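Chains as they are written, first to last, in my numbering: chain C, 8 to 259; chain G, 50 to 910.
Only one structure is covered here, and it is reproduced in the block below.
This is the structure we're talking about:
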């Protein structure tokens, strides 16, 4: 287990950023990707981080997930302060507590679908919870394709395997980076439905970065980022509301 | 288009370095070898001029066959006649002999490994005193500066010197530089001992005679005119040669030595180039795979297939140019390093300038450019076929030639290769055709196997990876699947290693077979109880020790029989072709050495009129016992010898044996190669205790005699066998070390391919790291992937090497190899070494992979 820093408060917050600040470069070429972002993502919720390109939404996610480090401020996964962790412990944390779904190139081509799904647990040398695994595989509807290699699966199927992998270790939180970006709208909707289902029925926590209002409409809550700052927040968003908000933001 | 090609190269610096490194190494070796041999040759050529300077004409006896020192001596009266010839200013007789060994202050003989130990009469035009004075009394000698300084010889001290017939004590009167007053130019570790003329004639066994006469003509006289007059005066038994001829002879002697040495090095360099070609081809294929999308974009933007393929070729050409230039410079450095290594190894080479000839540059360009451009032809052709769609589609793959065709082409090449190899080994071709046939056969087999091996690379990799997966879990699984995922790449990476290991394994099989044959022969044929031989390390048939040792050993009480042996390399001529000759005492029969006589009898032989033949030459000459063979000796004598016996075992006796009496009549070399002794009353039937006691007392008695001679050592049968085997072993080790060079290049190839593969899988690695693969696990998976590929190559290589070795062992004449022995232990070690080497080669690529930034890796296009 990674060493943890306990805040002393048992919360129902899965991930939290406090004054998260990230600069790239220095001097004249300095770019503020994140500018003092404070946000919480509750357990059992499906949250969307929205914003135009360059708004810092991906950076926020990367920092929350321990893939990138902050210039200033702190991020927590559960009660663990990521800034206190070594590279190795960050890796172990990702492996044990975080699930990922990327936009593309989500699977290891040399492994079968099932091996891809159980990869984080195999890496940790842990046996998967077979009952949970069966439920996950069943839920993504891939029971008959588990022995296929990624090249033998369609794009949608590949992404479903990726979601199943994120779910398989029953992580504290799942981060999804434009999970539907590379898919057509029908397949994309399928994946989003499935993610919604994972939150509602499997009790998962998902944070999704997207710029697609339709994708965001599947979430419980949408957070809007512009120029590295949170500018707005919306509960139970619909595609129209999000679209309007986005238009508004881009005019600022 | 050209600008793009150039940009491409500059953008991917690491890729560029990886690609060029192997070509650079190939070019470097070729240039290094040429420069080294050219430089040595030039220095030697200059030296030859220095040595012969000051002597206008030389009088000597003619020589058709045999060694320079086999010339019949020139008697005193010829020197007197020469002095009377008009135009002659001075005539100086000279004496030279081999096997004149100085012992240092500790009594240890100074025996260079290979180079000769020469004795001379003092000769002022070649020896330049730098300390003390020239030898003037019969008990004085002088030596060259290198020998003196290497062995701490001090002027005024007394040293033992061993000569052709006996050994004596001499006082070191002076130290000289050879060839040049400023700098000692004695060649390649040669030791020199110079004596006052009459002392030399006595000690070096040239009573009242000379090896040759050095003539200086009077100032103003035409050497050519004097030569003619001199020629007429000395008669038909002697010849007169000019300074120019002497210089050319000396040069060609040096050249023969340098050529052998250079050709061996060149062979290794070419092996290195061949292995490099494999790696370069592989690298271009991989790079092309990585650039498919980019090239597809070019096609989509309107580039023709021809333009695309030309850009690939252009990139190769630039890699070639760059590598050639860098390789030439590094080769110059390598030549210097090799020269210092040779010097450190005991070859004192002259310190000339490093010489870069036009021929070397042309060859370097041919190798550097040729290898890269040829290696890129196939990738360039495939690049032409890339469709513009490649830029747009998500998963791009190059079309690959079908497995069926691959198997057909590969199998044909392998079959043709074996055919050529078999032809070379068994059809009895001349040396040149044999080498050509065998080497082209080998090359075809190597390429064919590499073409063929992707057909089973995946399956074999999976099998080899199975235990690794069991041991290391996911990293092991990733290693296994990565090795199996692209059989072509695995095959060509393994191919480079395969070549190196095939050569090493082949040498192992042939060496083991030679050794087995030799040991069996020793067991069967050697009957003597003691062996007395020169202490010189390594087998050199020109070494020898004073002939008086034979007499002294014979005087030992326990000894009942002593037999001496001489060997003359290329010293007799039969039917116009030059042969080696070995000698023994016919009267001893098979008491000490039993060569397995199949017809006739050795003891029946007439010492002055008989010869013994091995059955192979007997068959070739169509002669049997009682028939006559006409033999020409170096002194010009042509003698008909009756065949007394024919024997089957040539491992010790070689092919032609004469009696010592006949040797002494025609050769001016009394020193012995070795001698054997047997103990009176000793027999294997005696009780063991008695045997041991008898051997102990007789050994002491014999050692009492030989201990007086620093250059001589005594061994009993067991020790003799061990020391002979040890010599073979050290020879085999030398060859293996040289071939390891090819392995080294193959390792660079593995590191290279792996680095490119890691680069290619950047995103995949990023993903794995994101979902929790630790750096350590990642490094482990890269390392084990390398190990799997290496072992795959090692198995192919050892398998091929085994087949080559067995074929060669069968083809080699029974004289050297009459049985096939396989060193299974060594072969197994080679495979293990390959695996370890693979792990080592992977260290850097694994580190690079582990250092990748996860985020950047995921974002990589």
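Think of the CB as a built atom: it goes at the ideal place given N, C-alpha and C, for glycine as much as any other residue.
Here the structure is a predicted model, which is why all the values come from computation and not from measurement.
If you keep only unbroken alpha helix (DSSP H) runs of at least 4 residues inside the segment 235-263 of chain G, you get 246-252. Assignment of residue 727 (chain G) by DSSP, reduced to helix, strand and coil, places it in the strand class.
For residue 170 (chain C), the enclosing alpha helix (DSSP H) has its first and last residue at 162-175.
If you draw a straight line from the Cα of residue 687 (chain G) to the Cα of residue 130 (chain G), it comes to about 28 Å. Between residue 73 (chain C) and residue 232 (chain C), the C-beta spacing is not below 7 Å.
The three-state reading of DSSP puts residue 124 (chain G) in strand, counting E and B together. Counting only the Cα atoms, residue 82 (chain G) lies some 12 Å from residue 410 (chain G). Taking every protein chain shown into account, the CB of residue 520 (chain G) has fewer than 16 other CB atoms within 10 angstroms, so this residue is exposed. Taking the C-beta atoms as reference points, residue 138 (chain G) is found nearer than 7 Å to residue 267 (chain G).
Listed along the chain, the chain G residues whose CB falls inside 7 Å of the CB of residue 131 (chain C) are 821.
As a beta-bridge residue in DSSP terms, residue 189 (chain G) pairs with G:220. A direct Cα-to-Cα measurement between residue 525 (chain G) and residue 158 (chain G) gives close to 59 Å. If you check the CB distance, residue 550 (chain G) and residue 879 (chain G) come in under 7 Å. Rounded to the nearest whole angstrom, the CA to CA distance from residue 71 (chain G) to residue 631 (chain G) is 48 Å. When the beta-carbon positions are compared, residue 71 (chain C) and residue 40 (chain C) stay at least 7 Å from each other. Minimum Cα-Cα distance from residue 667 (chain G) among the listed residues G:682, G:624 and G:512 corresponds to G:624. Residue 241 (chain G) counts as buried, since at least 16 other C-beta atoms from the protein chains shown sit within 10 angstroms of its C-beta. Residue 788 (chain G) sits close to residue 552 (chain G), with the two beta carbons spaced by under 7 Å. Where residue 187 (chain C) is concerned, there is no enclosing beta strand (DSSP E), because DSSP gives it neither an H nor an E. In the structure shown, the three-state DSSP call for residue 901 (chain G) is coil. Using a 10 angstroms sphere on the CB of residue 415 (chain G), the tally of other CB atoms stays under 16, which defines it as exposed. Here residue 785 (chain G) has 553, 556 and 557 as same chain residues with Cβ atoms under 8 Å from its own Cβ, once five neighbours each way along the sequence are excluded. Secondary structure note for residue 713 (chain G): its alpha helix (DSSP H) is the uninterrupted segment 709-715. For residue 471 (chain G), the enclosing alpha helix (DSSP H) begins and ends at 452-475.
Look at the beta carbons and you see the segment 650-661 of chain G touching the segment 704-711 of chain G: at least three pairs across the two are nearer than 8 Å. Straight-line measurement puts the Cα of residue 127 (chain C) at about 29 Å from the Cα of residue 192 (chain C). Taking CB atoms only, residue 904 (chain G) has a neighbour in chain C less than 7 Å away. DSSP places residue 373 (chain G) in the uninterrupted alpha helix (DSSP H) bounded by 354-393. For residue 583 (chain G), the secondary structure class from DSSP, reduced to helix, strand or coil, is strand. Residue pairing by DSSP puts residue 610 (chain G) in a beta bridge opposite G:727. Residue 798 (chain G) has its alpha-carbon roughly 55 Å from the corresponding atom of residue 755 (chain G). Two segments are said to touch when three or more pairs of C-beta atoms, one from each, lie closer than 8 Å; by this definition the segment 94-102 of chain G does not touch the segment 245-253 of chain G. By the beta-carbon neighbour count (other beta carbons within 10 angstroms, threshold 16), residue 386 (chain G) is exposed.
In the assembly as shown, residue 689 (chain G) is an exposed residue. Its beta-carbon has fewer than 16 other beta-carbons within 10 Å. In this model, residue 522 (chain G) and residue 100 (chain C) are separated by some 20 Å (Cα to Cα).
Shown here for residue 143 (chain G): same chain residues with a beta carbon closer than 8 Å to its own, the five before and five after excluded, namely 169, 170, 172, 259, 260, 261, 262 and 263 in chain order.
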